[in-house]
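Heads up, the thing below is written out as C-alpha cells.
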Amino acid sequence: PVEVEARSLAMELSGKAGVENNGFVQHEALEGKEMDISSREEVPKTCSVDVDPVTVEEMVLKPYAGMPKEVLLQFSSQARYRVTREILFWLIIAGSIALVCATIAIIALSPKCLDWWQAGPIYQIYPRSFKDSNMDGNGDLKGIQEKLDHITYLNIKTIWITSFFKSPLKDLGYGAEDFYDIDPIFGSMKDFENLVAAIHDKGLKVIMDLIPNHTSDKHQWFQLSRNRTGKYTDYYIWQDCMQAAGSVIPPNNWVSVFGNSSWQFDDVRKQCYFHQFGKEQPDLNFRSSAVQQEIQDIIKFWLGKGVDGLSFSTVKFLLEATHLRDEPLVNKSQNGESVTAYSQLYHDYTTTQVGLHDIVRSFRHTMNEFSREPGRYRFMGSDDNEKDDIEATMMYYGTTFIQEADFPFNFNLINMKNLSGNSIFEAVDLWMKNMPAGKWPNWAVGSPNAARVSTRIGKEYINVMNMLLLTLPGTPVTYYGEEIGMENIASENVSEKQTLATLPEKSPMQWDGEVNAGFTEGNSSWLPVNSDYQSVNVEIQSTWSNSTLSLYRALTLLRSNELPLNRGWMCHIWNDSNVFVYVRELDGLDRVFMMVLNFGQESTIDLKATVPNLPSEAVIRLSTHFSNAGKVVNTKLITTEMGEGLVLEYKTTKPVHTMEAFQGKCFVAEKACYSKALNLLLMNC
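Numbering (UniProt numbering), first residue to last: 1 to 685.
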C-alpha cells in the first residue's frame, strides 16, 4: 500500500539523514510504527509512488539552525565549502604575514622619534625670582607650581629649575650645604614632591641643576674632613702651606674664578684647601672613589624623586693635576707674583684633566639605569662655558659608542662680542660644523649668568632674537622673562650686601602691573622689580596681538606644528653685516620656510639671485611686525628694518640642500623624509 511505502521511505531517510520526517504519515497510530526495521529490506528500492513532486523536493535535506554534529559533518564534506574555507584560511595567513612585514618595514625605515627634550623649548627658571607664594619676598617652589599654566600657555613642555639645595646662599646657592634637602627659603621636600607631581600631571618634564664640583664649607663632609675624620679626611683637596711673616704662601699660583689665590688656609686642619670658586666653596676631591660614589648616590636620590633630567654644572673643574705645577702666564712678561685675575693664566692644570670624561660617563651610566622604563628617558646636560675651546665643549657629547651628555649647553649666542648678521652666522656655524654627526644642537640667548638680551644688545632686537632661537634646528632654551623682553635692573638698585655681578639679570618675574609686578604680595622682594614692569609684564602683553609674548607663542606654535622647523634641514643662504638668512626644509615636503633676520640696520637683499629656482614670491608666515603677516614679498627685493625678522613660506620641488651650490652649508641632526603616500616620516624617500 502507498502508506506503507511512504512510511518506509521516511524511515530510510531518517536513518540516513539523522532526522525523522513524519510528513508522509497520515495516521500516527498506525501499527507500522512497530514493524521490525529489518522489514525495510523487503521494500523495493525503487517504486512508483503517486507523490506530489513538490513534496519530494521538500524531502531533500537542507542546512538549518541548530543542526546536530552528524548533520553538520555531512555538509562539511561538500567540496564548495571546503574550498571556500581553505581560501579564507590562506587569505588570513597571508594578510597576517603581510601586516607583520609591513610593520617591520615601517619600523626599520622610520627615523627615531624625537625625545621629549628634543621636541620643544626648555624654560629655565631661577626659583628665587619666579614667584613668591608666602609673602616673604623670595620666590619658591610653590610659586612655580602656581604658575605652571604660564608654561603651558607658552607651548613649552620642559622646565629647568636652577639650584635649590640647602645652602648658605653664597654665590646664590651654588655651594650646597646638603645635597639631600631643599633650602627653607624655597620650601620643603614635600613642596618639591608636589611640584614634580603637578608638572607631570600637566604632561611637562622637569630638569634640575646639580653642581658636583664643590660644596659649601658648612657641609657636614667638610666639617668632618677638616677634623681628619675617617674616610672624609680626603674628601677635599688639602695641601700644606708655607707661612712667612704672618702670611700664608700657597702651594702654587692657581687662581680662583672669582680672582686671587684658589688656596685657603684652614685654622682647624692647619692646611690649605683648594677652591675653584669662592673660599666658602671648597672643591671635592674626585680622585677619591668614595666622593664619586657620594655623587652617584645623590643622582639616584633625585631621579628617584621623579626628576626627568639633570644639568651638571662646572664639570670641567672636577679634576686638577696632582703635580701642582704653576699654570702658565698669558702675558709672559708679567710678574708671576702680581697674578690675581683668572684671565691672566692658562688653566692647563685645573680644567679638563685626563680622567674627567670617565667621571662624566659614570654619571651617564647611573642615569641610564633610570631610563629603562618606557617613556621615562632621563636627560643629561652639561653646563660648562668653554667659550674659545669649541672642541673641548663637543667632547661632552661623548663618542659614537660611548654617550655622555645629551648635549652640552650652547652659549655661543650669549658670548658674542658684537651683534651683526655676520656674528650671528659665525656663532651658529661654529656649533653646527663642530658638532659630532648624529648629535643634537641647542641654543640659548639668556642665562642666570649673563645680561638679558634687551640689556646686552638692545630691546629692539629681543623679538628677532626669539625668532632666531625658535627657528634654528635643535632645542631652544629660554631664560624666564625673555618671552616678554625683560631687562636687567639698574645696578644701583642692588644693595651693598648683594655684591655679585650677576644679580641684575635675576630680578623678579613681572607678572602684572600691580605692586611688585605680581611677584609677591609681601611688602618687598629680595631684589627690586624693574621699573618698566607696568608695560613689560605677562598680563598686559597677553592682551596685545603685537607684543613680544604674542610673537613668542606664535613661534612656539609654528615650531611644534611644522615638520621642517621641528626636525628638518637647516641651510645657510646669506649673511652680511645686517642680515642672516637660512631655510628650514624637509625631504618629501615641497613647503619651505625661509628666515630673513635683521641684526643691523635697514637692508634690502636679492635672494632670487642667490638661490637658483627660488620662486619670485613668498608669503610672510610670521613677522616681528604682526601687521605684515600674510603679505606677499618679492624675493628679488626683500627689505627689513633694524631688528625685524621674517618667516617666509614658499613651495618648491628643488630643496636647497640638494643644490650643489649649497653643499657644506646645510646641516641636519635627525634626518627624516615625509612620505605623502603613507603620511609617514621615513629615513629616506
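We put the beta carbon where it would ideally sit given N, CA and C, even for glycine.
Query: Residue closest to Asn566, alpha-carbon to alpha-carbon, out of Val668, Ala245, Asn679 and Ala98; Result: Val668
Query: Distance between beta carbons of Val445 and Leu413, contact taken as under 8 angstroms; Result: 5 angstroms
Query: 4 or more residues per run - each alpha helix (DSSP H) lying fully within the segment 502-529; Result: none
Query: Span of the alpha helix (DSSP H), counted from its first residue to its last, around Phe192; Result: Met189 to Asp201
Query: Three-state secondary structure assigned by DSSP to Leu646; Result: strand
Query: For Ala341 and Gly259, the rounded distance between their alpha carbons; Result: 5 angstroms
Query: Proximity of Gly421 and Asp576 at Cβ, strictly below 8 angstroms; Result: yes
Query: Stretch-stretch touch, CB-based, cutoff 8 angstroms, three pairs: the segment 185-203 with the segment 326-338; Result: no
Query: Whole-angstrom distance between Phe370 and Lys300, CA atom to CA atom; Result: 8 angstroms
Query: Buried/exposed call for Lys62, threshold 16 Cβ in 10 Å; Result: exposed
Query: Sequence-distant residues of its chain with Cβ nearer than 6 angstroms to Ile295 (five each side left out); Result: Pro212
Query: Selected residue, minimal CA-CA separation from Pro168, among Ile390, Lys506, Phe409 and Ile182; Result: Ile182
Query: Start-end ranges of the alpha helix (DSSP H) lying completely within the segment 95-150, minimum 4 residues; Result: 141-146
Query: Cβ-based burial, Glu41 [other Cβ within 10 Å; buried from 16]; Result: With a pLDDT of 45 at Glu41, under the threshold of 50, the predicted position of this residue should be treated as unreliable, though the coordinate-derived value follows. The residue in question, Glu41, is exposed, as its Cβ has fewer than 16 Cβ neighbours within 10 Å.
Query: Candidates Ala618, Tyr582, Ile620 and Glu641: closest to Asp601 by CA position; Result: It should be noted that the sequence gives Gln, not Asp, for residue 601. Nearest C-alpha to Gln601: Glu641.
Query: Nearest-angstrom Cα separation, counted from Gly643 out to Thr624; Result: 8 angstroms
Query: Contact under 8 angstroms by Cβ, Thr604 with Leu646; Result: no
Query: C-beta atoms of Pro121 and Pro473 nearer than 8 angstroms; Result: no
Query: Length of the line joining the Cα atoms of Gln541 and Ile462; Result: 14 angstroms
Query: Euclidean distance between Cα positions of Arg269 and Ser216; Result: 17 angstroms
Query: Ala94 to Arg553 span [Cα, whole Å]; Result: 50 angstroms
Query: Neighbourhood of Trp511 by C-beta distance below 7 angstroms, restricted to the same chain and skipping five residues each side; Result: Ala517, Gly518, Phe519, Asn537, Val538 and Glu539
Query: Cβ separation of residue 691 and Leu682, assumed to be a contact under 8 angstroms, to the nearest whole Å; Result: The structure shown does not extend to residue 691, since the chain is modelled only from 1 to 685, so the question has no answer here.
Query: Minimum C-alpha distance to Leu549 - residue among Arg228, Ala198, Ala290 and Tyr153; Result: Tyr153
Query: The segment 578-592 contacting the segment 646-658, beta-carbon criterion three pairs below 8 angstroms; Result: yes
Query: Contact with chain C by Ile573, beta-carbon distance below 8 angstroms; Result: Considering every chain present, this structure includes no chain C. It has just one protein chain.
Query: Distance CB(Val255)-CB(Leu345) smaller than 8 angstroms; Result: yes
Query: Three-way DSSP call (helix, strand, coil) for Ala618 in this model; Result: strand
Query: Thr471: first and last residue of the uninterrupted alpha helix (DSSP H) it sits in; Result: Ile462 to Thr471
Query: Three-way DSSP call (helix, strand, coil) for Val538 in this model; Result: helix
Query: C-alpha distance - Ile237 paired with Asp587, whole-angstrom precision; Result: 55 angstroms
Query: CB contact flag (Ser447, Tyr479, <8 angstroms); Result: yes
Query: Cβ distance (whole Å) where Gln264 is taken to contact Pro251 below 8 angstroms; Result: 12 angstroms between Cβ atoms; not a contact.
Query: Gly458 - partner residues in DSSP beta bridges; Result: Gly458 is not bridged to any residue.
Query: The segment 351-369 contacting the segment 277-284, beta-carbon criterion three pairs below 8 angstroms; Result: no
Query: Where Thr84 sits in the DSSP three-state scheme; Result: helix
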